[in-house]
Amino acid sequence: MRIDTKCIQSGYTPKNGEARILPIYQSTTFKYDSTEHMGRLFDLEEDGYFYTRLANPTNDAVAAKIADLEGGVAGMLTSSGQSACFYSIFNICEAGDHFVCSTSIYGGTYNLFSVTMKKLGIDVTFVDPDASAEEIAAAFRPNTKALFGETIANPALVVLDIEKFAKVAHDHGVPLIVDNTFATPINCRPIEWGADIVVHSTTKYMDGHATSVGGAIVDSGNFDWEAHSDKFPGLTTPDESYHGVVYTERFGKAAYITKATATLMRDLGSIPSPHNSFLLNLGLETLALRMRKHCENAQKIAEYLSKNDKVSWVSFSGLEGDKYHELAQKYMPNGSCGVISFGVKGGRENAVKFMDSLRLAAIVTHVADARTSVLHPASHTHRQMNDEELKAAGVTPDLIRFSVGIEDADDIIEDIENALNAAVK
Ligand SMILES: *Cc1c(COP(=O)(O)O)cnc(C)c1O
457 MRIDTKCIQS GYTPKNGEAR ILPIYQSTTF KYDSTEHMGR LFDLEEDGYF
507 YTRLANPTND AVAAKIADLE GGVAGMLTSS GQSACFYSIF NICEAGDHFV
557 CSTSIYGGTY NLFSVTMKKL GIDVTFVDPD ASAEEIAAAF RPNTKALFGE
607 TIANPALVVL DIEKFAKVAH DHGVPLIVDN TFATPINCRP IEWGADIVVH
657 STTKYMDGHA TSVGGAIVDS GNFDWEAHSD KFPGLTTPDE SYHGVVYTER
707 FGKAAYITKA TATLMRDLGS IPSPHNSFLL NLGLETLALR MRKHCENAQK
757 IAEYLSKNDK VSWVSFSGLE GDKYHELAQK YMPNGSCGVI SFGVKGGREN
807 AVKFMDSLRL AAIVTHVADA RTSVLHPASH THRQMNDEEL KAAGVTPDLI
857 RFSVGIEDAD DIIEDIENAL NAAVK
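Counting from 457, one number per residue, gives the positions in the sequence shown under our numbering.
What follows is the structure, given as structure tokens:
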């Protein structure tokens with residue numbers, strides 16, 4: 457199936473007489489006729505549902521759809537993008553381990569990695585995503601277990617050179633984990649370029665209607681954990697918390713996701729509600745259509761902004777001459793995403809005036825949904841960073857993060873024009 461078809465058809469295929477639409481299994485638990493049968497499920501000897509924290513048919517169908525869209529072998533849903541990012545690392549890192557990460561990432565992930573995970577004894581080194589392979593390699597240590605980056609960084613819109621990152625990761629015997637939230641599998645499938653694990657905040661374009669916070673992890677099945685067994689004993693040696701199962705032996709290509717479900721989800725429990733997964737699935741059905749419209753609108757608006765003399769700079773990889781135009785052409789030839797960042801002349805003060813003068817575009821923390829929304833990272837998402845950290849994350853004090861919706865582009869442009877006229881004299 458092609459990607460537009462997968463958006464509609466993947467994950468759930470009703471049998472004769474069953475509901476055409478994915479049912480919401482709003483049930484915490486599942487009934488069995490014998491003690492023996494349920495015992496086999498607990499031993500991971502047989503597939504089957506027993507408790508929604510570990511697996512639920514609605515959640516599993518949606519995870520399977522996302523895995524199929526990304527071209528992976530298995531997927532799991534989480535209750536947020538944050539927990540997807542956390543699990544993706546924590547599944548293969550423990551106290552005393554280290555990983556390397558691009559500096560240009562979502563503010564929440566930056567905080568998770570640089571503060572909270574350090575408290576768990578997991579250390580991170582941040583590297584400039586535009587640095588050479590040699591410079592990135594220099595950040596690796598004997599205890600490094602993963603490399604992490606975002607396809608299109610939120611909000612700096614830096615495009616990741618996935619092949620470069622994959623090569624450095626693989627040269628050091630570790631997987632590349634890519635957060636593909638902004639591009640979505642419609643515009644980029646990082647696994648095709650060498651990524652091993654893909655994570656998402658499904659809260660953004662995948663849901664697309666700002667109804668449900670959620671996340672996903674997809675395993676490509678490509679990383680050879682056994683070849684680097686010394687680094688990943690959690691996957692390649694017996695897990696005493698699960699009757700001595702060796703995930704790579706028992707589950708092969710699905711070892712990583714099975715371990716994440718069987719241990720992290722079991723113990724930490726960040727599951728989505730089946731009802732939220734149902735809503736996410738509705739969003740996924742129109743993802744391909746919406747992404748096309750988001751990209752088309754964003755292109756028009758970026759071109760408009762780049763010609764407006766009240767705007768000091770525009771960052772959007774669809775613009776010729778943009779620093780990331782070439783990389784975006786390579787990895788996302790059909791368009792990148794609907795998010796543009798730009799600076800309003802007059803710095804922080806005028807940026808705030810501009811924001812407050814918009815009528816159609818709403819000030820919300822959210823990005824990447826059907827409605828045009830706008831945020832000032834320096835006063836909102838990245839508020840906890842000092843000026844130096846802001847600079848390293850690619851966020852300037854005048855930066856406006858403008859998330860172009862799927863309304864009529866001309867209405868959005870009129871709104872911007874009125875607000876610019878009010879803010880910049
Ligand atoms: C929003 C976002 C996250 C965090 O996801 P939540 O669903 O808000 O927890 C992680 N990565 C990126 C790129 C994001 O945009």
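We put the beta carbon where it would ideally sit given N, CA and C, even for glycine. From a predicted model like this one, the values you see are computed outputs, not experimental measurements.
- A straight line joining the alpha-carbon of Met457 with that of Val556 spans about 35 Å.
- Taking all protein chains in view, the Cβ of Ile561 is crowded by 16 or more other Cβ atoms within 10 Å, so the residue is classified as buried.
- Contact check between the stretch 724 to 734 and the stretch 833 to 851: fewer than three CB pairs, one atom from each, fall below 8 Å, which does not count as touching.
- Under DSSP, the beta-bridge partners assigned to Phe858 are Ile796 and Val830.
- Less than 8 Å separates the beta-carbon of Met532 from that of Ala716.
- With a minimum length of 4 residues, there is no unbroken run of alpha helix (DSSP H) contained wholly in the stretch 492 to 522.
- Taking Thr508 as the centre and dropping the five residues before and after it, the same chain places the C-beta of Thr484 closer than 6 Å to its C-beta, in chain order.
- A Cβ-Cβ separation of about 6 Å places Ile856 in contact with Val800 under the 8 Å criterion.
- Nearest neighbour of Ala817 by Cα position, chosen from Glu782, Leu775, Asp864 and Thr852, turns out to be Asp864.
- For Asp866, the uninterrupted alpha helix (DSSP H) segment begins and ends at Ala865 to Ala879.
- In this chain, the alpha helix (DSSP H) harbouring Lys809 covers Gly803 to Ser813.
- In the DSSP assignment, Ser771 falls within the unbroken beta strand (DSSP E) covering Val767 to Ser771.
- Look at Ala595 here: in three-state DSSP terms it is coil, with no helix or strand label.
- Linking Met788 to Gly537 through their CA atoms gives a straight-line distance of about 22 Å.
- Remark: the shortest separation between the CB of Tyr703 and any heavy atom of ligand 1 does not fall under 7 Å.
- When DSSP states are grouped into helix, strand and coil, Thr714 belongs to the helix group.
- Put simply, of Ile819, Gly850, Gly802 and Ile862 the residue whose alpha carbon is nearest the alpha carbon of Asn877 is Gly802.
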